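Notes follow the structure.
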Amino acid sequence: MSIRTKLLLLLLIAAGAPVAISGLFSTVISQRALERSALELMREQATAIAEIAERSVNESFNSLLAAERYLPLARLSQEERDAALRLIYRQFDRFNIVALFDETGASVVAPVYDENPARSPEIRNHEPVSPADLRRYSQNVPLAAALASGRALGSIYHSEAGLPRVVLAPRVAGVRRR
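Residue 477 in the working numbering sits at position 52 of the sequence shown; the count goes up by one each step and never skips.
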């Protein structure tokens, strides 16, 4: 290799090394900044989603508590309770199962749900509930927490179709099987 080629190669290395090193550092710094920005954006979105979920849960609890004020379940007969639960179910699309339990966890009246709500115009916006979904629901009722605090939110579980579900459990004082 000639001296001229060696000098040219040395100049290329001397000039290219700082560019390569600065490019590498620039890439690493940019990548870290992008990761921080993405993480902050995800935190903001998660906070917004959590606030929406909290509002939705509170609205749902308020709907159930208002329904109980207008339909005093503890004073109604079995037939009237059954009709009241059906009314609550039809009135609120967000409730796919409406049930009433006593303090032991026994069902006071049959739970209200539908395996094929699309066939009925007044409940077509409800989601279908299978017998397996009803079992999952029953297994996730936070009865002790509802009795202790007046209202409880169950753990997230999944329907047979894989959709996330949660049980809202407001305490209804004085409800017993008749």
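Note that CB positions come from ideal geometry on N, CA and C, so glycine has one too. Model, not experiment: these values are computed from the prediction.
According to the DSSP assignment, Pro-443 belongs to the alpha helix (DSSP H) that extends over 428-495.
The alpha helix (DSSP H) runs lying completely inside the stretch 539-591 and spanning 4 residues or more are 556-564, 568-574, given in chain order. Under the DSSP assignment, Leu-593 falls in the beta strand (DSSP E) whose first and last residues are 593-595.
Taking C-beta separations shorter than 7 Å and ignoring five residues to either side along the sequence, the partners of Val-592 in its chain run Tyr-562, Asn-565, Val-566, Pro-567, Gly-579, following chain order.
Using a Cβ-Cβ distance cut-off of 8 Å, the stretch 452-472 and the stretch 531-549 are not in contact, since fewer than three pairs of beta carbons, one from each stretch, lie closer than that value. Separation of the CB atoms of Leu-559 and Ile-522 is rounded to 7 Å, and the pair is thereby assigned contact status at 8 Å.
Distance from Arg-590 to Gly-575 at the Cβ level is roughly 22 Å; contact not present, criterion being Cβ atoms closer than 8 Å. Ala-531 sits in coil when the DSSP states are folded into three classes, being neither helix nor strand. Taking a C-beta distance under 8 Å as the contact criterion, Leu-510 and Val-534 qualify as a contact pair. For Leu-525, the enclosing beta strand (DSSP E) begins and ends at 523-526. Leaving aside the five residues that flank Ser-488 on each side, the residues in its chain whose CB is nearer than 6 Å to its CB run, in chain order, Phe-517.
Straight through space, the alpha carbons of Glu-504 and Ala-491 are spaced by roughly 20 Å. Here the alpha carbons of Leu-437 and Val-444 stand approximately 11 Å from one another.
Inter-residue distance for Arg-500 and Arg-515 is about 21 Å (C-alpha atoms, whole angstroms).
Around the CB of His-551, 16 or more other CB atoms lie within 10 Å, so the residue is classed as buried.
By the beta-carbon neighbour count (other beta carbons within 10 angstroms, threshold 16), Phe-520 is buried.
Counting the other CB atoms within 10 Å of its CB gives Phe-526 a total of 16 or more, which places it among the buried residues.
Following the DSSP letters along the chain, one finds Asp-507 inside the alpha helix (DSSP H) bounded by residues 503-516.
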